[in-house]
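Only one structure is covered here, and it is reproduced in the block below.
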Amino acid sequence: MTAFYESGLSLGEISKRTGMPKGTVRKTLIEGGTAIRSFRRNHEPISNSPNVMRAGNTPFGYCYLDGKLVVDARERQTVLDMWRMWQGGHSFRSIARTLNEHKISTRFGKSWKHEVVKQILKRHEAEKGITNGIK
Numbered sequence: 461m462t463a464f465y466e467s468g469l470s471l472g473e474i475s476k477r478t479g480m481p482k483g484t485v486r487k488t489l490i491e492g493g494t495a496i497r498s499f500r501r502n503h504e505p506i507s508n509s510p511n512v513m514r515a516g517n518t519p520f521g522y523c524y525l526d527g528k529l530v531v532d533a534r535e536r537q538t539v540l541d542m543w544r545m546w547q548g549g550h551s552f553r554s555i556a557r558t559l560n561e562h563k564i565s566t567r568f569g570k571s572w573k574h575e576v577v578k579q580i581l582k583r584h585e586a587e588k589g590i591t592n593g594i595k
């Protein structure tokens, strides 16, 4: 199987030739110590930089400007308010309730859910983004 892969065959092509599921082929190669190629042949590897545009929704509090992830001034204050409430001991549910009571909607005009508040705050905590330096 490794010989097939090293000769340039894709996981799908090996799967068809061997009759093994593609996931099994992948797992077998990885367990055997073979480095799996990026599916983006002849392209630069996908960067781990937070400033690279990615598929999917842009994180709340950010927007893309000239292909770079930057703080969105329209959402910055909401993130800071959420952060201060959380640091002040409010629960995610309480923060969502407060935002909804003040008629502050999400980017898509929906009401806040505690799960979304949690995701946003945990992301900003991990990345030290908008909330960097806020006590």
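First residue of the sequence shown? That's 461 in my numbering, and the numbers climb one at a time after it. Glycine is no exception: its CB is placed at the ideal position from the N, C-alpha and C atoms.
Test: residue i CB closer than 8 Å to a CB of chain B
| i | result |
| --- | --- |
| Val539 | Checking the listed chains, one finds no chain B in this structure; it contains a single protein chain. |
Neighbour-count burial assignment, residue i, 16 or more Cβ in a 10 Å radius
| i | result |
| --- | --- |
| Gly521 | buried |
| Ser571 | exposed |
| Thr462 | exposed |
| Ile496 | exposed |
| Thr478 | exposed |
| Leu525 | exposed |
| Arg501 | Because the pLDDT at Arg501 is just 48, under 50, the model does not fix this residue reliably, and the point stays unresolved. |
| Ala533 | exposed |
| Glu466 | exposed |
| Gly527 | exposed |
| Ala556 | buried |
| Glu535 | buried |
| Phe552 | buried |
| Val530 | exposed |
Alpha helix (DSSP H) segment containing residue i, residue limits
| i | result |
| --- | --- |
| Lys482 | Lys482 to Glu491 |
| Leu469 | Note, Leu469: premise wrong, no alpha helix (DSSP H); not H, not E. |
| Met542 | Ala533 to Gln547 |
| Thr560 | The displayed chain sequence assigns Asn, not Thr, to residue 560. Here the alpha helix (DSSP H) through Asn560 covers Phe552 to Glu561. |
Test item: CB-CB of residue i and residue j under 8 Å
| i | j | result |
| --- | --- | --- |
| Ser543 | His584 | Checking the sequence shown, residue 543 turns out to be Trp, not Ser. Contact flag set, yes. |
| Lys482 | Gly472 | yes |
| Met617 | Thr558 | Look at the range of the chain in this structure, 461 to 595, and you will see that residue 617 is not part of it. |
| Val539 | Ile580 | yes |
Residues that residue i bridges to, as DSSP identifies them
| i | result |
| --- | --- |
| Leu581 | Leu581 is not bridged to any residue. |
| Lys528 | Leu525 |
beta-carbon residue i near the ligand NAD non-hydrogen atom, thresh 7 Å
| i | result |
| --- | --- |
| Glu585 | This structure does not include the ligand NAD; it has no bound ligands of any sort. |
Quick check: the segment 480-497 against the segment 516-530, are there 3 or more CB pairs under 8 Å?
-> no
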